[in-house]
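Plus 7 on top of the position in the sequence shown (first one is 1) and you've got our numbering.
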Amino acid sequence: MQNRTLETGVGLFLLAGILALLLLALRVSGLSASATNDSYKLYANFDNIAGLTVRAKVTMAGVTIGKVTAIDLDHDTFTGRVTMEVDKRVNNLPSDSTASILTAGLLGEKYVGISVGGDDQLLKDGGIIHDTQSSLVLEDLIGKFLLNSVGKDAK
């Protein structure tokens, strides 16, 4: 009888550990079982969205205020169109705010950072952030550096 109780206790402990790991994995990945209706959509067009993914963070002053929900190609302007869901508590973003694609650390994940403008008009649901700064591509930066170095040596 004592052996059966011990096996049941170990089994329950193992099941609790697996559930805890599953919950941790869901929290880290950004997935959630519940849909949030307390957000609104904003759009921004970027020339280069290299490395940005769906479910990437949207931050302002280092605080996460939303997430990227879709990345599409705008067929009219041939730019990348990012759809963001921003928390309704942040409902006072000026219409001249700036959206930038930033990198966490040197080679970390990409996310959207919003810098606040000073306009009296506010962004509403479905609003577009016009002032954007595209992703910095490390390969392009190295290529420009090498081409400038070769150009100086040739002179």
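All C-beta atoms, glycine included, are put in the ideal place defined by N, C-alpha and C.
Is the beta carbon of G124 closer than 8 Å to that of D94? To locate residue 94, count along the sequence shown from 1; it is residue 87. To locate residue 124, count along the sequence shown from 1; it is residue 117. Their beta carbons are not under 8 Å apart, which means D94 does not touch G124 by this criterion.
Whether V89 touches I78 by CB criterion (8 Å): Residue 89 sits at position 82 when you count from the first residue of the sequence shown. Residue 78 sits at position 71 when you count from the first residue of the sequence shown. Yes, they are a contact pair.
Among G150, L31, F53 and A32, the one whose alpha carbon lies nearest that of H82: Here the question's residue 82 lines up with position 75 in the sequence shown. H82 has its Cα closest to that of F53, out of G150, L31, F53 and A32.
Would you say T110 lies against chain C (beta-carbon separation less than 8 Å)? No chain C is present in this structure, which holds just one protein chain.
What residues in its chain sit with their C-beta under 7 Å from that of T84, if we drop five residues either side in the sequence? Stepping through the sequence shown from its first residue, residue 84 is reached at position 77. The answer, listed in chain order, is N52.
Kindly list the residues whose CB is nearer than 8 Å to the CB of A63, restricted to its own chain and excluding five residues on each side of it in sequence; keep chain order. On the sequence shown, residue 63 is found 56 positions in, with the first residue counted as 1. Excluding positions up to five away in sequence, the list reads K74, V75, E116, K117, Y118 and V119.
By how many angstroms is the C-alpha of I136 removed from the C-alpha of E92? Stepping through the sequence shown from its first residue, residue 92 is reached at position 85. Stepping through the sequence shown from its first residue, residue 136 is reached at position 129. When rounded, the distance between both Cα atoms is 13 Å.
Own chain, CB closer than 6 Å to G134, minus 5 neighbours either side, in chain order: Along the sequence shown, read from residue 1 onward, the residue named residue 134 stands at position 127. Only L49 meet the Cβ criterion.
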